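A.B. asks: Read left to right, the sequence shown gives residues 7 to 333 (our numbering). Every residue gets a Cβ at the ideal spot worked out from N, C-alpha and C, and that includes glycine. Please read all numbers here as calculations on a predicted model, not as lab measurements. Let me begin by handing over the structure; questions about it come next.
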Amino acid sequence: MLVTWRPTRLVNAVAFLAVVASSIIEHPLHARSFDEAHDEYVYRIALSHDGRLMATASGDNTVVLWDTQQRIALHVLPHDAAVYTVAMSPDGQSIATGSGDGYVALWNTREGRCVVRTKRHDDAVYSVAFSPDGQQLASAGGSTEGGDTACRISRVVDLQLLTSLTGHSRQVYGVVFSPDGQKLATSSSDKTIRLWNLASRQCTVLPGHTSDVYRCAFSPDGRQLASTGQDGTVRLWNLETGKAAVLIDLTKKSPIYAATFSHDGSRLAAVGDDCHLRIWRTTNGRLTWEQKVAPCALYSVGFLGTPTVVAAGENGSIYAVSTSSDR
């Protein structure tokens with residue numbers, strides 16, 4: 007079963023109301039519903055641990071916070087530039103966003119209010135991530151020429167800068183904390199993944215991808231790391247040995263943009279340029295589900311709950327897919 011959330015633009019009547027009372031449509035919830043998402047690319051999906059809240063970041067300069075049970079938009083969070091990334095805090099009370107103008111912002115999910123905002127990077131911010139205890143926020147980005155490729159860790163309460171990690175030679179697309187909070191993984195267009203020990207600030211380089219590495223994700227037990235790349239591969243790294251199994255290598259080298267683990271770590275879902283959603287068993291690397299779910303490239307994916315997976319991408323729509331046939 008496939009449910010599509012499609013974008014719509016404000017109707018003329020709403021535009022007329024803007025002249026009368028512009029504040030009414032500053033956060034146009036009346037123009038959004040569970041069936042309506044964004045007017046531009048959706049770059050990232052973030053879900054609360056209980057799956058009741060979902061945030062979507064878009065090139066239309068907004069983040070929309072959704073109630074997934076009521077199937078309604080709770081808040082529309084305006085930005086001054088395209089929003090490339092969003093993350094949900096472990097307790098679900100806050101979300102962090104990163105945008106094309108180098109800003110990182112923290113928002114209250116209950117009120118949809120911006121709590122603190124700072125210019126953290128010189129270039130676009132492509133990824134943000136909360137630490138498992140919710141006390142720290144990592145952010146990273148860059149530009150096509152490389153630019154500001156440092157991964158910066160800030161204190162969540164006020165976004166005060168705590169430390170910077172440098173090493174990548176080109177923009178950083180992904181950043182994620184390990185489940186125990188002791189490590190940080192970063193993925194970059196320099197073809198590498200760096201695994202940082204946060205106590206010693208030392209890093210291990212995981213080579214293998216032959217082009218840009220877009221995203222990385224830790225398994226819930228912290229023993230595995232999944233990575234996706236422009237080379238059309240999904241790699242599952244054993245962090246004890248530092249070696250990876252290639253789950254898929256697309257013959258046309260179609261980029262795979264994102265991957266995520268299920269809550270119990272038994273499954274890994276990935277999406278990419280070929281419009282397909284794929285799911286593997288992490289114990290044996292077996293592909294158990296594959297289907298074209300959109301007419302366009304998909305940039306983000308998340309497990310909403312058993313058996314629903316959500317994906318979003320180039321056309322601004324969000325796809326909720328039942329994967330009940332996954333075995």
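Residue 78 and residue 316: beta carbons closer than 9 Å?
C.D. replies: It is not a contact, given that the beta carbons lie outside the stated cut-off.
A.B. asks: Relative to the alpha-carbon of residue 216, which residue among 162, 237, 179, 289 has its alpha-carbon at the smallest distance?
C.D. replies: 237
A.B. asks: Measuring CA to CA, which of 135, 314, 81 is closest to residue 103?
C.D. replies: Restricting attention to 135, 314, 81, the CA atom closest to the CA of residue 103 is found in 135.
A.B. asks: Please name the residue, chosen from 137, 107, 145, that lies closest to residue 129 on a Cα-to-Cα basis.
C.D. replies: 107
A.B. asks: Count the other C-beta atoms from every protein chain shown that fall within 10 angstroms of the C-beta of residue 211, then say buried if there are 16 or more, exposed otherwise.
C.D. replies: With fewer than 16 other Cβ atoms within 10 Å, it is exposed.
A.B. asks: Report the CB separation of residue 231 from residue 240 in whole angstroms; it is logged as a contact under 8 Å.
C.D. replies: With a Cβ gap of about 11 Å, residue 231 and residue 240 do not count as contacting.
A.B. asks: Quick check: residue 148 and residue 154, are their CB atoms within less than 9 Å of each other?
C.D. replies: yes
A.B. asks: Are three or more beta carbon pairs between the region 219-233 and the region 256-271 nearer than 8 Å?
C.D. replies: Counting Cβ pairs under 8 Å, three or more are found: they touch.
A.B. asks: Assign residue 293 to one of two classes, buried (16 or more other C-beta atoms within 10 Å of its C-beta) or exposed (fewer than that).
C.D. replies: Exposed, since its Cβ has fewer than 16 Cβ neighbours within 10 Å.
A.B. asks: CA-CA distance, residue 277 and residue 150?
C.D. replies: 23 Å
A.B. asks: Using CA atoms only, rank isn't needed, just tell me which of 213, 233, 164 is closest to residue 182.
C.D. replies: 233
A.B. asks: Where do the N-terminal and C-terminal ends of the beta strand (DSSP E) with residue 255 fall, by residue?
C.D. replies: 249-255
A.B. asks: How would you label residue 162, buried or exposed, when you count the other beta carbons within 10 angstroms and need 16 or more for buried?
C.D. replies: Taking all protein chains shown into account, residue 162 has 16 or more neighbouring C-beta atoms within 10 Å of its C-beta and is therefore buried.
A.B. asks: With which residues is residue 130 paired in a DSSP beta bridge?
C.D. replies: 148
A.B. asks: Could you work out which residue in 89, 206, 189, 173 is closest to residue 195 when comparing CA atoms only?
C.D. replies: 173
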